[in-house]
Amino acid sequence: MQIPLPLQQPCCGRAQGTAVKRLLRDSIPGLEKVFRTDIEAPKVVLVTGPPGSMKTSFCYSVISSYLLSSGEYGLYVTLEETAESHLRNMRSLNIDINENLEISDFTDLRELDEIVEVDAPTDYMEFIIQMISYNKKKHGDQFTMFTLDSLGALYSLMEDVKSIRKKMFYFFKTLRDYNLTCFIVMERSPGSPSELLGDEGFLVDGIIELGLDRTRGKLVRYMRVEKMRSCEHSMERHTLEVGEKGLTILGPTLA
902 MQIPLPLQQP CCGRAQGTAV KRLLRDSIPG LEKVFRTDIE APKVVLVTGP PGSMKTSFCY
962 SVISSYLLSS GEYGLYVTLE ETAESHLRNM RSLNIDINEN LEISDFTDLR ELDEIVEVDA
1022 PTDYMEFIIQ MISYNKKKHG DQFTMFTLDS LGALYSLMED VKSIRKKMFY FFKTLRDYNL
1082 TCFIVMERSP GSPSELLGDE GFLVDGIIEL GLDRTRGKLV RYMRVEKMRS CEHSMERHTL
1142 EVGEKGLTIL GPTLA
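Right, here's the structure in full:
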């Protein structure tokens, strides 16, 4: 099966004299208040939260900022919307668009599956692994970042969810074997556990919770790190604000 061409073609090479920024602590203003030490690859991180909590924007901001600094490459697979719609939404939030971050959606592939009767429907999880393998061969060690948006959408495309825990274990292990830093977006209701079908919360290295909270009569967004292996971090809720320059992390959310 032929892998669809990405919407954006990456520019070449690392800019000479460009200092490599730390991944999380320097990616969004204020994240240094949350992370005392940074994360290192390989790492698989769930980014969870209800609709409207800025999961997509958070992931794109972190990866885009890091790649802009490092000159490395990343792949963002969106199953929730088209690549054009995704980029339009990022621009509307004043989040910088990075040519080193390829955006890929499965629009054509999904439409083909819906209208063509086939004996063996597309294995979307395996297809994503093929895309990652392709980018690793193309960019080598410069391919360092991956985002899947979202896990629930991937499950909805899967014909067979039997042995899903085993499949997710294999999927996350494959991501680590490629030495990638990965963000996996997952819809999650407030107070619900950090897994859908495959014990995802136990299989990943980190969980970042994004949410909505009513504080003093005002609805505010927040982020909280539930766990992050090999990393020192705060476990308090920190206010997440959207402004003229994109996302900013403020201080701890007031009770």
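In case it helps, this note's numbering puts the sequence shown at residues 902 to 1156.
Beta carbons are placed, not taken as given, at the ideal position from N, Cα and C, and that holds for glycine.
Quiz item: Residues bridged to Glu1142 by DSSP?
Solution: DSSP lists Thr1149 as partners of Glu1142.
Practice problem: Can you say whether Arg915 is buried or exposed, counting buried as having 16 or more other CB atoms within 10 angstroms of its CB? | Solution: The predicted position of Arg915 is uncertain, since its pLDDT is 39 and thus under 50; a value taken from the coordinates is nonetheless stated next. By the neighbour-count rule (16 or more Cβ atoms within 10 Å), Arg915 is not buried but exposed.
Quiz prompt | Residue from Leu1010, Asp1024, Ile1033 whose Cα sits closest to the Cα of Glu1003 | solution = Checked all of Leu1010, Asp1024, Ile1033; the closest Cα to Glu1003 is Ile1033.
Quiz item: DSSP three-state call for Ile964: helix, strand or coil?
Solution: helix
Quiz item: Can you tell which of Pro930, Thr1149, Ala942, Arg937 has the C-alpha that lies nearest to the C-alpha of Gln1043?
Solution: Ala942
Practice problem: Identify which residue in Thr1154, Val1126, Gly972 has its Cα closest to the Cα of Arg926. | Solution: Val1126
Self-check item: Opposing strand residues paired with Thr1082 [DSSP bridges]
Solution: Lys944, Met1046
Exercise. Pick out whichever of Tyr1025, Glu1142, Ile1108 has its Cα sitting closest to the Cα of Tyr1123.
Key: Glu1142
Quiz item: Taking Cβ positions, are Glu1088 and Ser1064 nearer each other than 8 angstroms?
Solution: no
Quiz item: What is the DSSP secondary structure of Ile998, reduced to helix, strand or coil?
Solution: coil
Self-check item: Three-state secondary structure assigned by DSSP to Lys934
Solution: helix
Quiz item: Touch check for the segment 1103-1111 and the segment 965-975: three-plus C-beta pairs under 8 angstroms?
Solution: no
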